[in-house]
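Take a look at the structure below.
There are 2 protein chains.
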Amino acid sequence: MAHSTDFLESTFKSKGLPLTVQRRVVYQNVASRQDHPTADDVYLAVQKEHPDFSRATIYRALDCLVQIDLLSRVASFGSAVRYDAKQEHHDHMHCTQCGQVADVEAGDLNLLPKLKQDLGFTVETYSVHFRGLCPECQLEKTNKEN
Amino acid sequence: MAHSTDFLESTFKSKGLPLTVQRRVVYQNVASRQDHPTADDVYLAVQKEHPDFSRATIYRALDCLVQIDLLSRVASFGSAVRYDAKQEHHDHMHCTQCGQVADVEAGDLNLLPKLKQDLGFTVETYSVHFRGLCPECQLEKTNKEN
DNA sequence: TACCTTATGAGATTAAGTATCATCCACAAA
DNA sequence: TTTGTGGATGATACTTAATCTCATAAGGTA
Chain L
36 MAHSTDFLES TFKSKGLPLT VQRRVVYQNV ASRQDHPTAD DVYLAVQKEH PDFSRATIYR
96 ALDCLVQIDL LSRVASFGSA VRYDAKQEHH DHMHCTQCGQ VADVEAGDLN LLPKLKQDLG
156 FTVETYSVHF RGLCPECQLE KTNKEN
Chain D
36 MAHSTDFLES TFKSKGLPLT VQRRVVYQNV ASRQDHPTAD DVYLAVQKEH PDFSRATIYR
96 ALDCLVQIDL LSRVASFGSA VRYDAKQEHH DHMHCTQCGQ VADVEAGDLN LLPKLKQDLG
156 FTVETYSVHF RGLCPECQLE KTNKEN
């Protein structure tokens, strides 16, 4: 479920950035979805209610929301960047067939201290990416084979 | 280190695909590199020796090599797809500053059976993606701050 | 060597994302 | 409430990543 309007207002205020209608709508759209939309997915969804919003504005609003940590980018095997509303740490399952990305919970992996020690990388975030077939595509594949 | 030519020939033969000079060169380039190049990185590197190779051919050779499982795509936060020569399972560390992707070994996470059980996804592969700063960018950041 | 299938090169095309700039809006201060 | 100002927006041009098309060339087999 999406956060309240108050939450958005106070977050933007604390960062010193104006909360425009466009940013509000983009955030609400991503936060209310179950999938992990691309910028174009958001543009198309938002256009129904707000046909005047420009594509460039969607990109800029998404960038802004990532900057202030309300959204995050999801690492992807395709060419378009996907977005995700920030929430508790979770991992992702990519369907190699249809490209859908589902949230999964793989638990706390306790890997971060080890990395810092071994490689000198600072670790801000990590996520586990699984690839395989979602239930629907497994079914479709089975049907095609018969 | 790259595999021998015999290995390439037998792999292509078993898949019924012709092993062209272009495919050989593209594979050798990716396999011999320590980084995780984009298609354009490969194109530029290969062009020094083979200025006649077309950009489209590099893309097609990379696709082909992924199909027959000699290369894999690396999930990425940026816009261009990166490639990696297949080897033992390993994970990736992404530098949020310069975009470099390094190999890391996070060990066997034993997550696959759980996923199958909980979500109905079949899991073919998975990898852990870490994000943070590589040692060079940590240094650069420190210098800028002073 | 000759044949057939598939790949290649060149360049047009599409898709994803960024840059520019005149105008407009959010928001704070008066 | 009005006004001032920095930052955001819309339109559009541009860049970059990747794909498509098709005539020609090369691989692999007989």
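Heads up: the protein sequence lines correspond to chains L and D, in order.
The first sequence begins at 36 in our numbering and counts up one residue at a time.
The second sequence begins at 36 in our numbering and counts up one residue at a time.
Think of the CB as a built atom: it goes at the ideal place given N, C-alpha and C, for glycine as much as any other residue.
Contact between His71/L and Val109/L holds, with the beta-carbon distance rounding to 5 angstroms and staying under 8 angstroms. The segment 91-107 of chain D makes no contact with the segment 87-107 of chain L, as fewer than three CB pairs between them are under 8 angstroms. Residues of the same chain with a CB within less than 8 angstroms of the CB of Cys99/L, apart from the 5 flanking positions on each side, are Leu52, Arg58 in chain order.
If you draw a straight line from the Cα of Leu106/L to the Cα of Ser67/D, it is about 37 angstroms long. Contact with chain D is found for Arg108/L, since one of that chain's Cβ atoms lies less than 8 angstroms from the residue's Cβ. Proximity of Val116/D to chain L, defined by a Cβ-Cβ separation below 8 angstroms, is satisfied.
Phe112/L reaches chain D at Arg108, Ala110, counting residues in chain order whose Cβ is nearer than 7 angstroms. Judged by DSSP secondary structure, Ala120/L falls within the beta strand (DSSP E) whose first and last residues are 117-120. DSSP places Arg90/L inside the alpha helix (DSSP H), whose first and last residues are 90-102. The beta carbon of Lys50/L lies closer than 6 angstroms to those of Ile103 in the same chain, with the five residues before and after it left out. With a cutoff of 8 angstroms on beta-carbon distance, Thr73/D and Val116/D are scored as near each other. Following the DSSP letters along the chain, one finds Leu106/L inside the beta strand (DSSP E) bounded by residues 106-109.
Between Ser114/D and Ser114/L, the CB-CB gap stays under 8 angstroms. Membership of Arg59/L in the alpha helix (DSSP H) is indicated by the continuous run 56-67. As the crow flies, the alpha-carbon of Val56/D is around 18 angstroms from that of Asp76/D.
Val65/L is positioned such that its CB atom lies closer than 8 angstroms to that of Ala120/L. Taking Gln122/L as reference, the option from Asp87/L, Gln69/L, Ser111/L with the minimal CA-CA separation is Gln69/L. Residue pairing for Thr73/D: DSSP places it in a beta bridge opposite Arg117/D. Residue burial is scored here from C-beta neighbours: Leu79/D has fewer than 16 other C-beta atoms within 10 angstroms and is therefore classed as exposed. Across the structure, Phe112/L and Tyr118/L are spaced so that their CA atoms are roughly 14 angstroms apart.
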